[in-house]
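A short write-up of the structure that comes next.
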Amino acid sequence: MARNQADVVIIGGGIIGCAIAYNLAKRDVNTLVIDKAPRVGTEASWAGAGILTSHASTHEPYPTLCRASLALYPALAAELKAETQIDIEFIQAGTLSAIFHPDEAAGLIGLAERRVNRGFSAQVLTAEEALRLEPALSTSIQSAVLFPEDAQVRNPKLVTAFAKGAAQLGTRFKLGNPAAEFIREHGRVVATVVNGERIYADTFVIAAGCWAGAVIGMLGCPIPIVPAKGQIVLVEAMPPLFHRPIDGLGVYLVPRADGKLLIGATVEFAGYDKSTTVDAVKQLIDAGIGIAPALAQSTFVQTWVGLRPYAKKGPLLGYLPGHENVVLASGHFKNGILLAPITGQLIAELLTTEETSLPLTPFQPQMQHDANGAA
Ligand SMILES: Cc1cc2nc3c(=O)[nH]c(=O)nc-3n(C[C@H](O)[C@H](O)[C@H](O)COP(=O)(O)OP(=O)(O)OC[C@H]3O[C@@H](n4cnc5c(N)ncnc54)[C@H](O)[C@@H]3O)c2cc1C
């Protein structure tokens, strides 16, 4: 096949684009991934904390999607290790929700009970039990809920592993310039333009994270996908303080295998601004110390910002309205790392068989019309 031609072109080489590429490569589909950055996975997919949680107690489509994706992780971690020699640091030690105020208790304990009644796992712990499990917790803790099936992963390694696994199977990557335009013939998209060059494909997948709205905007499709800024703090605490991610006081703490610990994260609708602010960093650190007083003695390492792709009814997975060969896969907001494996699988199924192992109808992209009905 010519250098500027593929069966499928994926626009966006974050965790979603690379997961789709990996799944298509497994199905022998000739795929080319375009990213505006010189490397894959430099945006939200690098910045994320890597917590894999699925706390809901219902069988609604979104929690079902989350659970299905979490269930794919153990085998995926082993497969990627065997194929790429990359350890994605998948650890399934649960997550612990720490309760410090009586008014938080009812909600969380009620959720735990509903989960257990519906056959999902959750364990309500007394303060003593929580402190036995995680001795670095503040003794002001009142109770806690353990979600034993939750897990964590080192997301930058996962993106690299997906990309390497796909490349080994023939996927090509065109990095360093954005897809800036689409070319249509007889109403059908036939090519995208990258640095002046036309790249032709039968099908286009838009997986451009929080920029996906702008990319589909080039096709005249008004589906808002906006950046939700997340600030995060990295510290080093040796010996490690925790055995599993902890959340409480409006933040979460994520211990990493390298001894460092993340304190995250803000959710701010501030456009494409990627600055870190003293105020947000202070609030994250203060809450972190509230959960674990020993954090005050840890070494400050770094702060950063990532822009999550937020769509009101996200994630959006499926053909763009009015476009029979353009698929959207974006809007994963706070759970893109969790949802990458199932997204990759479902989009690859859609493109190769038109039948998906979970229904995509609840996630179907829909145009948003203004009050006058105009698109
Ligand atoms: C602070 C923070 C903490 C998070 N924590 C978690 C967590 O614990 N668990 C979890 O599951 N999720 C978490 N997330 C969310 C998760 O990181 C995102 O949902 C996920 O990374 C989105 O992946 P993506 O591939 O859609 O987007 P991105 O990673 O942003 O990738 C989009 C890619 O598209 C490229 N692109 C954009 N426009 C173009 C164009 N025109 N042409 C070519 N390429 C283009 C970009 O360069 C980028 O590489 C967190 C996010 C943040 C910011």
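Residues are numbered in my numbering as their position in the sequence shown, beginning at 1, plus a constant of 1060. Where is the CB? At the ideal position from N, CA and C, for every residue including glycine. Every value quoted in this text rests on a predicted model; they were computed, and no experiment measured them.
Legend entry - N-terminal and C-terminal residue of the alpha helix (DSSP H) that Thr1144 is part of: Pro1121 to Thr1144
Inset, instruction - With DSSP collapsed to three states, give me the class of Gly1433. - result: For Gly1433, the predicted structure reports a pLDDT of 37, less than 50, and the residue's modelled location is therefore unreliable. The matter cannot be settled from this model.
Inset, instruction - Can you say whether Ala1062 is buried or exposed, counting buried as having 16 or more other CB atoms within 10 angstroms of its CB? - result: exposed
Legend entry - Outcome for Pro1282 when other beta-carbon atoms lying within 10 angstroms are tallied against a minimum of 16: exposed
Inset, instruction - State yes or no: is the C-beta of Ala1366 nearer than 7 angstroms to some heavy atom of ligand 1? - result: For clarity, residue 1366 is Gly in the given sequence; the question names Ala instead. Gly1366 Cβ: within cutoff of ligand 1.
Legend entry - Alpha carbon of Arg1192 to alpha carbon of Ile1111, nearest angstrom: 22 angstroms
Inset, instruction - Give a single yes or no on whether Cys1281 has its beta carbon closer than 7 angstroms to a heavy atom of ligand 1. - result: no
Inset, instruction - Can you have a look at Glu1384 and say buried or exposed, based on whether 16 or more other CB atoms are within 10 angstroms of its CB? - result: exposed
Inset, instruction - Count the other C-beta atoms from every protein chain shown that fall within 10 angstroms of the C-beta of Asp1210, then say buried if there are 16 or more, exposed otherwise. - result: buried
Inset, instruction - Report whether the distance from the Cβ of Asn1255 to the nearest heavy atom of ligand 1 is below 7 angstroms. - result: no
Legend entry - Euclidean distance between Cα positions of Leu1377 and Pro1123: 15 angstroms
Legend entry - Cβ neighbours of Tyr1146 in the same chain (closer than 7 angstroms, five flanking residues each side left out): It is Ile, not Tyr, that sits at residue 1146 in the sequence shown. Taken in chain order, the residues that qualify are Leu1140, Lys1217, Thr1220, Ala1221 and Lys1224.
Inset, instruction - Return helix, strand or coil for Gly1439, following the three-state DSSP convention. - result: What is shown of the chain runs 1061 to 1435, which leaves residue 1439 out entirely.
Inset, instruction - Would you mind reading off the limits of the alpha helix (DSSP H) that contains Gly1154? - result: Premise fails: Gly1154 is in no alpha helix (DSSP H) and is neither H nor E.
Inset, instruction - Name, in chain order, the residues that DSSP records as bridge partners for Tyr1379. - result: Val1387
Legend entry - Buried versus exposed, by CB contacts within 10 Å (16 or more), Lys1342: exposed
Inset, instruction - Report yes if the C-beta distance between Leu1100 and Leu1084 is below 8 angstroms; otherwise report no. - result: First, the residue type needs correcting, since residue 1100 is Val and not Leu in the sequence shown. Cβ distance not < 8 angstroms, so Val1100 and Leu1084 don't count as in contact.
Legend entry - When Phe1207, Ala1137, Pro1381 and Ala1107 are compared against Gln1396, the one with the closest alpha-carbon: What sits at residue 1396 in the sequence shown is Gly, not Gln. Looking at the Cα atoms, Ala1107 is the closest of the given residues.
Legend entry - Val1100 - DSSP class collapsed to helix/strand/coil: coil
Inset, instruction - With Lys1289 as the anchor, note down where its beta strand (DSSP E) starts and where it stops. - result: Val1286 to Glu1296
Inset, instruction - Please state whether DSSP places Asp1088 in a helix, a strand or coil. - result: coil
Legend entry - Where the alpha helix (DSSP H) containing Ala1340 begins and where it ends: Val1338 to Ile1351
Inset, instruction - Identify which residue in Gly1236, Ile1323, Cys1078 and Glu1328 has its Cα closest to the Cα of Ile1345. - result: Ile1323
Legend entry - Cα-Cα separation, Ala1317 to Val1361: 16 angstroms
Legend entry - C-beta atoms of Met1298 and Gly1319 nearer than 8 angstroms: yes
Inset, instruction - Select from Gln1228, Ala1166, Leu1206 and Val1089 the residue whose C-alpha is nearest the C-alpha of Ala1142. - result: Gln1228
Inset, instruction - Report the rounded CA-to-CA distance for Val1093 versus Pro1353, giving the unit in angstroms. - result: 45 angstroms
Legend entry - Residues of its chain near Ala1268, where Cβ-Cβ distance is below 7 angstroms and the 5 sequence neighbours each way are ignored: Ile1071, Gly1072, Val1275 and Ser1390
Inset, instruction - Would you check whether ligand 1 has a heavy atom nearer than 7 angstroms to the C-beta of Phe1160? - result: no
Legend entry - Cross-strand partners of Gly1204 (DSSP beta bridge): Reading off the sequence shown, one finds Ala at residue 1204, where the question assumed Gly. Ala1204 is bridged to Ala1158 and Leu1185.
Legend entry - Contact test: Phe1423 Cβ vs ligand 1 heavy atom, cutoff 7 angstroms: no
Legend entry - Selection from Leu1235, Val1265, Asn1237 and Gly1256 that minimises the alpha carbon distance to Val1249: Val1265
Legend entry - Inside the region 1240-1292 only - alpha helix (DSSP H) runs reaching at least 4 residues: 1272-1277
Legend entry - Rounded C-alpha distance that separates Gly1247 from Ala1371: 27 angstroms
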